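Let me begin by presenting the structure, written as structure tokens, before commenting on it.
There are 2 protein chains.
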Amino acid sequence: MVDASDVLSLCKRRGYLWPAYEIYGGVAGMYDYGPLGIGLKNNIIEVWRNAYTLGEGFIEIDGPTIGPEMVFKASGHVDEFSDAIVSCRGCQESYRADHMITDYHPNPDSLSKEEMHSLMLKNDVKCPECGGELTPPEEFNLMFRTTIGPGSGRVGYLRPETAQGIFVNYIPFYRYMREKLPFGVIQIGRGYRNEISPRQGMIRLREFNMMEAELFVDPEDKSWDAFEDIKDEILNLVPQDGEELKMSVSEAVEKGIIAHQTIAYFMWFTSEFLKMVGVDPERMRFRQHLSSEMAHYACDCWDAEALLSYGWTELVGIADRGSWDLSRHIEYSKADMTAFKRFDESKEIEREVIKPKFGLLGPEFKAKSAKIGKALEEMTPSNAEEPITVEVDGENIVIDPKFFEVATVKEKVSGDKFIPHVIEPSHGLDRILFTVMEHAFTKKEDGYIVLKLKPEVAPIKVGLFPLMSRDGLEEKAMEVDEDLRLSGISTYYDDSGSIGRRYARMDEIGTPWCITVDYETLENGTVTIRDRDTAEQVRIHTDDVPEVVGALLYGLEFNDIGEMLEGE
Amino acid sequence: MVDASDVLSLCKRRGYLWPAYEIYGGVAGMYDYGPLGIGLKNNIIEVWRNAYTLGEGFIEIDGPTIGPEMVFKASGHVDEFSDAIVSCRGCQESYRADHMITDYHPNPDSLSKEEMHSLMLKNDVKCPECGGELTPPEEFNLMFRTTIGPGSGRVGYLRPETAQGIFVNYIPFYRYMREKLPFGVIQIGRGYRNEISPRQGMIRLREFNMMEAELFVDPEDKSWDAFEDIKDEILNLVPQDGEELKMSVSEAVEKGIIAHQTIAYFMWFTSEFLKMVGVDPERMRFRQHLSSEMAHYACDCWDAEALLSYGWTELVGIADRGSWDLSRHIEYSKADMTAFKRFDESKEIEREVIKPKFGLLGPEFKAKSAKIGKALEEMTPSNAEEPITVEVDGENIVIDPKFFEVATVKEKVSGDKFIPHVIEPSHGLDRILFTVMEHAFTKKEDGYIVLKLKPEVAPIKVGLFPLMSRDGLEEKAMEVDEDLRLSGISTYYDDSGSIGRRYARMDEIGTPWCITVDYETLENGTVTIRDRDTAEQVRIHTDDVPEVVGALLYGLEFNDIGEMLEGE
């Protein structure tokens, strides 16, 4: 069994990633992506972005990471985005309250602060550092807070998710998409969560990378056109009230296990994406949120989980958020964040209106009567028997029912305004990347490590070696290296140590192919190309190198290289 | 002459970019990149990243945007990264002090706080909003401040530049590059600057995008191998003590105008990059920093400037930062951030050492004498005549010179440790993007806008139109559209309005080519492809579409399409 520490140790040793700010003692929950890590990360992003934009026609946005307080009041994060914290009265160290009582409850983060506290008292829980007394649990907001502008300025927060930057821009998107639903928007970038005490390496970070997609749909139509093409695909499901099972997406929708086609389609889409970048399908499943863990506004929510050495871990959350987000931003901003649905044919509807009796208003209110009449007309009637208060020129005036009547009028309307619903696949990029590393990690008994990354995502595609650093082999190898780089293929040139050691270095970082320039190259222009996973080798001509590597990247089997070249 | 407001208006109208958080009244100095803007931005990044990594062998890192206080103490930002601010005693509004005195001094931001204040008093400067009295100028630190972790936690800042994230990781990079200089590291990402009152659209942002490269070199060798290949290239230079002139890079280095080959090479490299993404070479120059504006540690510094409607504007700074950054981080972290240079052959050097007289120490200091002797041996001698204070088991003991002698010993050393120097090309990505937009913007007398973006960076490569929305033209057009998208080419499908209007929409957003599916397509499978800049059209077969567009993207002239297809 792979251990996360083996993977993290490889990551650090070979330049995938390492804890940030190590020369200053580090900051928990922050990592640097090194040269190889960023290659892998960018490749995963590229697969994802292309799948959503070129594949599904989603558009992309890139907004600021700092937002003004109002945005996160509307989103609920100012009030709700918190963990319960306890501190030691002795050494002042702070802890997540649920972490203190894991031995006494199967699911401590589902407890209220009061429940946690009584469990702590009952079990006499003390500070793990110094044995001191702990404070009762309090809410600790997990957003990083800052100030925008000078002086006491404006309160701002680092975004806890990229999604809000999409929601607040619903209006320009709706216009950009020519006012047609459904449409989808993605955003890729940093998210921030000021964890109390981050643990578990790349799984729980204070600063992390997200890939979020928000699909705006008609609440009355959550079908999905392309569902038909994938309806027989099988997913590993763990429904909220049952055991793990394998089931086709169409059966799951028909049985009401998955709420509707759109969620089901994006679950399948997510599983394809995860497989494509190298998450092992045998260690992947979709777990439905329990009613108790689902946000109160969510209609349905599934986590794509991967089995890691840490246990089953959420990589992607796929939720139907209903109209929650847009409704809240409408409430806080007063902006018109609706869509308009034209009826097949325009409808006649009946509507109640207030009709002022101008003949009575005039004598009573004199010069003000016109304004009062207009104000009455603009109001929605509630109860025809009661006085109405109108505001005219800053003055509140109570109008007795005798001055107006409530009448029913008929109107022709061509359509309806409504607030779209949002379906959200939200991806934790760092977790996905770490899963890809752990699932690719293999170690033989003698300690030899091969990182079996998919070629599409491997940061280095080709290791390039001159057999010896003399006799012109180096110049030749550098030429081949340059040919590859100029055709956009990343390489690693290595001329030190035995060929075996150079292979080992490339196997350890997941480079799918190695090319060696040897004395035969000088005679007939051929080089050997070696396959990482089988260690097989074939000789090909230097002129064919970029084309062969290109074909391998597009899925050519290593064994078919000869056939491909003969076929030309 | 183009006006920035025309460009910003196009940007907003068509989804390139717009002020962020508009439904909440906006936040000055923050923008959203919309669907087209992010396409353009990603394409510019890709050109830059490939030039530095595949082209020059630089490695990449991606670190956190939040850093602990110590990092920015070491970098000097806690003490120095500030603007002078004044506030109104009446309405409390804040202003940059130098903005208040632009009428009274040609270069107000070069003044000290005291000089600014006396100029304000002399000219009786009042609050521009309410006419109230202004406070004297004070320093306002421009970093966004936050707290890492719970409680009073640890002070953290949002990075004002990405560079520090590279410097603090010098040690793993040096190891990754197998301890050889020179090597270069790039980082692409957010920078933050809490401006007092941001103006000028995309030019001065509170949250911006940077692309920085840090090249670590041997201080004694600032030559550059590839300089020979580009030595006759001509740049527009504005040296610190002279007029604008055109000069070859080799002449500029020989005459001492540019400090050395490495700076000169990266100035040329920068100019090539800027031209490649669409900055007009006629509106680009390199201005050398005046001695007064150069950081005290910089050996030489040049800004790549572009002429915008705002005037000449810095896009890229290219500086020799000497050993400043690494020295400071060594001082603050005590980490060994040096490089080792092996001599051609090992040298014998003479060195002064302290030799304790153990025979005298023993009787005087008894049990402590061994430790005192050892402590003396580890010290570097300064003056053999004076007592030395050593620390032993926490106690400071003064040792009289009679207890030791200073002797000269010979040693063989194989090399030298030294602190590398850093050459930094630092790019403001948002400014580059805005320059690309402004330089591409053309408007005819009748108001018709063509955005002449380079095809490599245009967010949409092909507009795809069915002539009519019937008779199967739509299905055919969608097929061609999908073919293009699946070969990785971004398209915009448009079936509404006249063909002329659809061309106009694509011209305005800079789409280089449009393809129309018409009735002839149904007969013989050909479509028209139209060139944005010449409005010329040719017919090509649908089967050839992805190949033709691919070739155009790689530089094929539109007029040579026919020839290319015949040649097959």
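Quick mapping for you: the protein sequence lines, in order, are chains X and V. The opening position of the first sequence corresponds to residue 206 in the working numbering, with each subsequent residue numbered one higher. The opening position of the second sequence corresponds to residue 206 in the working numbering, with each subsequent residue numbered one higher. Glycine included, each C-beta is placed from N, C-alpha and C at the ideal position. These figures come from a predicted structure and were not determined experimentally.
Within chain V, no C-beta atom comes less than 9 Å from the C-beta of Trp429/X; the nearest is roughly 18 Å away.
For Asn328/X, no alpha helix (DSSP H) encloses it, and the DSSP letter there is neither H nor E. Secondary structure of Tyr470/V (DSSP, three-state): helix.
Within chain X, no C-beta atom comes less than 9 Å from the C-beta of His282/V; the nearest is roughly 14 Å away. Arg492/X is a Cβ neighbour of Glu510/X, given a cutoff of 7 Å. Excluding the 5 residues flanking it on each side, Glu319/X has no same chain C-beta neighbour closer than 7 Å. Put simply, the CB of Tyr229/X is near chain V, with a gap under 7 Å to one of its CB atoms. Taking the C-beta atoms as reference points, Val722/V is found nearer than 7 Å to Val732/V. At least 7 Å separates the CB of Glu366/X from every CB of chain V. From the beta-carbon of Met275/X, the residues of chain V found nearer than 9 Å are Tyr226, Tyr229 and Gly230. Within chain X, not a single residue places a beta-carbon under 7 Å from that of Ser528/V; the smallest gap is close to 16 Å. Shortest Cα-Cα distance from Asp284/V to any of Cys332/V, Met348/V and Asp688/V involves Met348/V. Out of Ile745/X, Val754/X and Tyr759/X, the CA that lies nearest to the CA of Glu771/X is found in Ile745/X.
Within the stretch 243 to 261 of chain X, Ile243, Gly244, Lys246, Asn247, Arg254, Asn255, Thr258, Leu259 and Gly260 place their CB atoms closer than 9 Å to a CB of chain V, listed in sequence order.
At a Cβ-Cβ threshold of 7 Å, Glu557/X and Val611/X count as neighbours.
For Ser538/V, the enclosing alpha helix (DSSP H) covers residues Trp529 to Ser538. Counting other Cβ atoms within 10 Å of its Cβ, Ser538/V reaches 16 or more and is therefore classed as buried.
Bridge pairing for Glu569/X: absent [DSSP]. Taking Lys451/X as reference, the option from Glu679/X, Ser292/X and Glu487/X with the minimal CA-CA separation is Glu487/X. Straight across, the Cα-Cα distance linking Leu363/V with Pro625/V is about 27 Å. Of the other Cβ atoms in all chains shown, fewer than 16 fall within 10 Å of the Cβ of Thr613/V; this residue is therefore exposed. Excluding sequence positions up to five before and after Ser453/V, its CB lies within less than 6 Å of the CB of Asp437 and Ile439, all in the same chain and listed in chain order. With the rule of 3 Cβ pairs closer than 8 Å, the stretch 414 to 430 of chain X does not count as touching the stretch 307 to 322 of chain X. Inter-segment contact for the stretch 385 to 397 of chain V and the stretch 262 to 278 of chain V is present: three or more beta-carbon pairs are separated by less than 8 Å. Glu265/X has a beta carbon lying within less than 7 Å of a beta carbon in chain V. In terms of beta-carbon proximity, Ala682/X stays away from the interface with chain V, with every pair separated by 7 Å or more. Nearest Cα to His465/X within the set Leu215/X, Asp426/X, Glu477/X and Glu752/X: Asp426/X. In the same chain as Val458/V, and ignoring 5 residues on each side of it, the C-beta atoms closer than 7 Å to its own belong to His465, Gln466 and Ala469, in chain order. Val603/V sits close to Pro592/V, with the two beta carbons spaced by under 7 Å.
Sequence-distant partners of Ile665/X (beyond 5 residues in either direction) whose C-beta falls short of 6 Å from its own C-beta, in its chain, are Ser695, Tyr697 and Thr716. Asn346/V sits close to Ser287/V, with the two beta carbons spaced by under 7 Å. Taking a C-beta cut-off of 7 Å against chain V, the contacting residues of the stretch 338 to 350 of chain X are Phe345, Phe349 and Arg350, listed in chain order. A contact is defined here as three or more CB-CB pairs under 8 Å, and the stretch 381 to 391 of chain X meets this definition with respect to the stretch 255 to 266 of chain X.
Think of a sphere of 9 Å around the beta carbon of Gly693/V: the chain X residues whose beta carbon falls inside it are Asn255 and Leu259, in chain order. Between the stretch 325 to 340 of chain X and the stretch 291 to 301 of chain X, the count of C-beta pairs closer than 8 Å reaches three or more; the two stretches touch.
Contact check between the stretch 750 to 768 of chain X and the stretch 207 to 215 of chain V: fewer than three CB pairs, one atom from each, fall below 8 Å, which does not count as touching.
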